[in-house]
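Written out below as structure tokens is the structure these notes cover.
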Amino acid sequence: MSSLSLLALSLITNLSLGMVKGSFLPYDFAKSGQIETVVFTAANRETESFGQLYLAGSRMEVFCQLRYRTIQDTNETRRELVDRFALNGMRPRITFSNMTRNSSFEFNEFVVDENGAYWKVNISKSEISQDNFSLDSSEAWQYYAELGKGLNLFESSGTLVVKELEPLLNLQFGDEVHGPISVISPPYGAVIRHSACSPGVSAIVPLLDTSIKQFSGCFLGVTYSYFTPSSMKWYNLLHLSASEPDLFSICKKPLFSECATLSILDFAVLKNQMIVITSQGMLVSQIFTEALEMARGQKVTFSRVSQVYPPLDKDMELGILQKDQVNFHYTAHCHDLFISKHEEVLCLVYNSLQSPSNGSVLLCSSSPFTTWTDMTPRSYRDKHLKVLGVGHDIQRDRVTLLVRDITKGDMRVEIFDSDTQKVSGPPFHVDPEDNATRIYVHPFDSVLFVYGSQVWKSLDGGNSFHQVSDLDSDDWVTSFSCDFYGETYSFTTRLGTIYTGKTGIHRVRPIKSGDSGPRLKGIVGSIVVEQARSVLTLHFHADNGELILQHNNFEITDSTNLPITSFSSMMLRILSETTMEFFPLCYSALSKCGNLFDPTHVGQVIHSSYGGSAIIARLKKSVHGSRFEGSVIAEVIEPFQELQDDVTNHPLSVSFHGENATLKLADAEWRAEDKGRTIILPNGLSFIVLDEINSTTVIAVSHFHWTRGKGLQETYTGWTLYDFSSSKLANTSWWLEEDVCRSVLISSREGDAQFIHLDSRDNLSLVVSVISKVLSGEWPSVRALPKLLIGNSKLFVVDSSYSLGHLNNSLNLFIKQRPQATGSSSLTVFIEESSLLCRSSSFTIAVHSGCPPSKMLHFIYPFTASEDALLASTVKDTLGVVRNKKLPYNYRPPSARGVGIPMTANVYHADPARPQYRDAFVVTRSTYRYKQCKGKAKRSHCGCTRATKVSSLVQHSDCIEVVYRLLFDEKLTPRFLVLREGREAETLTSPYYLEELNNRSDFEIVNSSNKTVLQQAVVMEQAKNSSIYFYGSGLFHFRAFAVQENYTFCDLEAEFLVFVDETPLPYPAKDIIRACTAMGFFTLLYVLYLWNFHFRHNIINELEETHK
């Protein structure tokens, strides 16, 4: 164990002894001492509980403190905690991550000033993103903070909002409103939409009655921090600053006066557009990235959709469309590039007022959202079905519909396959006594929620549902929200109660009661902030004619553990020293009573005002006589105390037959408060007192039916009395409460990126452990076992096993991919038996089965040097051969027609100010195309960097200045590595083939593979030392393609350039010179022959003349 780990362990031990005796891991278990890191910037100091950092410029200064979560949080307690660890040399770290990369930073400065003690670090945007922020990226940036490195100490997490990446924060929608918004009455509702990747970035539209005040129905509010006043901007989408309606206005009439009663009915914020439906039409915004290319702060234009659906078009044309007729339905998902094979889809449900009994029409559209298609399932048409909710399960590729049969009153949830539109499973029928109004699909783990008069939850895509709430008949859900990347969800009710729950636990708990404090009226929305630190409720009110958006922040801590009292009595039965059974009493023997307990109560704790507690482990459905509808089994946490009453010292005569009994005291009297109390005999029989016959005799019932003989007639001493009678206002004998946290979930991947990419041959190993708390004097509670939930089970094969210990239970997972299966799925490990007070009871990662975005093929040049050396000087290898070649300006490689006739469109080392390279022919002058230098006057304007000047990519050809030089008599044996972020480089083992990007063919491949991929493609393998011989000179630009063959899901490719130098004269000059040389040689021979013939002829003539 490292010295740092030993130091941390020592600190934890010392801290635990000072807080909770007998507790280990105090930061998650201690009832009054949970600790967490808190990170914030100067700008969001007041909203640190929102779990959000905001990066608006090129740098941000981040501060870190430690705080208690469950006791009073003050500057003094924070300073004490920070000092304790800082003096021992420990520092926190913060890691920023998205689905492809992460960057970690240590808080390197310790500061003590008048504001307290804290650590500090200054971080630049480029350090976080590694210079890879992109406007069109759809990535969520998260942060993870902990004390130390890899110790999982006091960890916390949240969202990083990068202003540069959020179109809502960089564009203007109509006129910005700087003053107050004038209203006469508060809105009757509101529509809230969140950014898919940063839920803290949101937009809100108040729904105002324009008949009361004209020109008031088109206001839009945008926030970067959950609608806090300092983070909000308001816009008027009418754009009244113009003299008449223009492109920037959602009014498409000739005059503004015709839009006086125009009101927004619904809107949707998509990744790159905003869609608005008004009483007069549907409008589609300009694509955000197009507007941002013009300038930041640019006003967005709106265009009207000419045709949506004929009856709807008619209602909009007449201006009579109302809010309850239309609703947008959109399931946000951030990582669309990897999660879904389908385009981003927005759906609209339309209900006609002219024919309300005809049912709903489901209209859907995808980008650019100008064409809408009737997607109403065939089985729904002409059947009077009203669509109440639409959800897209992106991972499973399903559409979920909540529908109500208008004629039958039946309400059900049905699942349809996105491609075939066929029902893919049995429907879920809502109980006739209940009502459902909406559905919600969790954007990260695809848990499906249905809510209305109750809340139901499905962990398996709709195959089964659990009811998690137990609302009264006069109460129902008014708003619902989820932590986008966490497990917590929350909902508010009509009576003003706020409930929270966790996706893996089948119950909820109230954190704010409608009966305590000011009633929350007029709630228009609720938001669970990142990592479930708190719940925000939003509501509008009018103050002196001014529209005010007010939000209340309810922090989720143990202090919000509200008790649940009951007006029912229970009978106690002792099964063992550690196990109890409770029987809720039904006072009427003639009519059926409703169950006091239901599955939502499993895991809650029964407390006695006389001392003692037990956690509900399971329900028993069997009926114990007419007086009991069922029972619950509970495991003892703290032993229940019997009543210390003198009456138990007197003999008790029992007359028992069937389930009824009379109990008579000797020398003592019963009292009125004994009604509903439990009497336990020495033989274990339990009775609950129903009523009094006289002062010494009462009527009681038991869980046991005595059927032998004439019944039981006995007198007992040593009997005991317990009180679980019905609550009496201030005198509550028992109540239910959420249990304290007794288990913590620890993952082997804690702090890693939450989006994991698996290629075709990859697998994933994961160990998730549950550590349970046992304190002296307590019996262990239900064994907590981690369970696995797979969003899309079609992608993976899972091997799992449990490792069980006294306190530590581990789930070992080995996840393998199914052959050729691509897609994305969430993997959630959760503790079903966990307490809702635990900071975390689940661990979720998203796994993408497909090509990892950072995986790439990399060509290894035989000789490498730095960019500076390649550009500035001559670089030689160990043999003294120059290996870098600076290309001529506007260079273009030879074509098949000859060296002097380049025909490729690629220009290398481009400079528009200089003449073209070898442009004597028309075909040469007409085929070149600039890239970076297009429309530029000279090379310095082309934006070339040092990296692009030595690049190997054809897309950078204008900038490429220096390439690798190869001598003509040398061969090239390509070598490739497969690179991937976070992993060691691997040698390419797959075969590959080459494409010459300038259409050159004057080379030959030797030692090729015997495999075939494409027609005329020669396959090469590194194992065979496949090589290239060159017949021509000049630049060769190759692109290599890896042959997949289940090797990878990626289209791996890499480019490399080679300049072949010191070659013989190229074709056709070489042949011409050869021909000329041969002709010259033969001419010389002929001349010599003629000369010799002439010379010999002259000699012969001379000799003949001499002879004469």
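Residues -22 to -1, 1 to 1086 in mature numbering (1 follows the signal peptide of the UniProt record, and there is no 0) are what the sequence shown spells out, letter by letter. C-beta: ideal position from N, C-alpha, C; glycine also. Keep in mind it's a predicted model, so treat the numbers as computed, not measured.
Check                                                                                                                        : Outcome
Assigned exposure category for Asp1029 - 16 Cβ within 10 Å defines buried                                                    : exposed
Distance, Arg376 Cα to Glu982 Cα                                                                                             : 52 Å
C-alpha distance - Cys922 paired with Cys937, whole-angstrom precision                                                       : 5 Å
Val807 versus Thr822: straight-line alpha-carbon distance, rounded                                                           : 6 Å
Secondary structure of Pro496, DSSP reduced to three states                                                                  : Residue placement at Pro496 cannot be trusted, given a pLDDT of 49 that sits under 50; what the coordinates show is reported in the next sentence. Reduced to three states, the DSSP call for Pro496 is coil.
Span separating the alpha-carbon of Cys920 from that of Gln1022                                                              : 37 Å
Residue range of the unbroken alpha helix (DSSP H) whose run includes Arg62                                                  : Asn53 to Ala64
Straight-line gap, Ala891 to Tyr869 (C-alpha atoms, nearest Å)                                                               : 14 Å
Three-pair Cβ contact test at 8 Å for the region 396 to 410 versus the region 435 to 450                                     : yes
Contacting residues, own chain, Cβ-Cβ under 8 Å from Ala708 (five flanking each side not counted)                            : Low local confidence applies: a pLDDT of 49 at Ala708 is under 50, so the model's placement there is unreliable, with the coordinate-based value given in what follows. The answer is none, since no qualifying residue turns up.
Contact between the region 761 to 770 and the region 803 to 817 (3+ Cβ pairs under 8 Å)                                      : yes
Chain-order list of residues whose beta-carbon lies under 8 Å from that of Val860 (same chain, five-residue window excluded) : Thr852, Val853, Lys854 and Arg943
Test item: CB-CB of Phe702 and Ser680 under 7 Å                                                                              : no
At least three beta-carbon pairs within less than 8 Å, the region 198 to 217 to the region 237 to 254                        : yes
Segment limits, beta strand (DSSP E) that includes Lys642                                                                    : Leu630 to Leu643
Contact belief for Glu392 with Val408 at Cβ below 8 Å, rounded distance in angstroms                                         : That pair is no contact at about 12 Å.
For Trp434, three-class secondary structure by DSSP                                                                          : strand
First and last residue of the uninterrupted alpha helix (DSSP H) at Glu939                                                   : Per DSSP, Glu939 belongs to no alpha helix (DSSP H) and is neither H nor E.
Length of the line joining the Cα atoms of Val745 and Pro797                                                                 : 24 Å
Beta-carbon spacing of Ser587, Gly654 below 7 Å                                                                              : no
Exposed unless 16 or more other CB atoms sit within 10 angstroms - verdict on His311                                         : buried
Of the listed residues Glu236, Lys230, Tyr1009 and Pro830, nearest to Glu1040 (C-alpha basis)                                : Tyr1009
Residues bridged to Val368 (per DSSP)                                                                                        : Leu379
Pairwise C-alpha distance: Asp624 and Thr640                                                                                 : 20 Å
Helix, strand or coil at Pro70 according to DSSP, with G and I counted as helix                                              : strand
Contact under 7 Å by Cβ, Thr557 with Glu613                                                                                  : yes
Residue span of the alpha helix (DSSP H) that contains Lys927, given as start and end                                        : Arg924 to Lys927
Alpha helix (DSSP H) segment containing Ile106, residue limits                                                               : Lys103 to Ser107
Exposed unless 16 or more other CB atoms sit within 10 angstroms - verdict on Phe1073                                        : exposed
Residue environment, Pro165, which counts as buried when at least 16 other CB atoms sit within 10 Å                          : buried
Short Cβ contact (7 Å threshold) for Ser1005 with Thr965                                                                     : no
Supposed close pair Arg37, Asn148 - CB separation, criterion 8 Å                                                             : Rounded, the Cβ-Cβ distance is 18 Å, inconsistent with contact.
Spatially closest choice to Asp224 from Lys191, Phe205 and Asp153, by CA coordinates                                         : Asp153
contact_flag[the region 422 to 431, the region 363 to 377] where n(CB pairs < 8 Å) is 3 or more                              : yes
Pairwise C-alpha distance: Arg817 and Ser788                                                                                 : 19 Å
Where Pro866 sits in the DSSP three-state scheme                                                                             : coil
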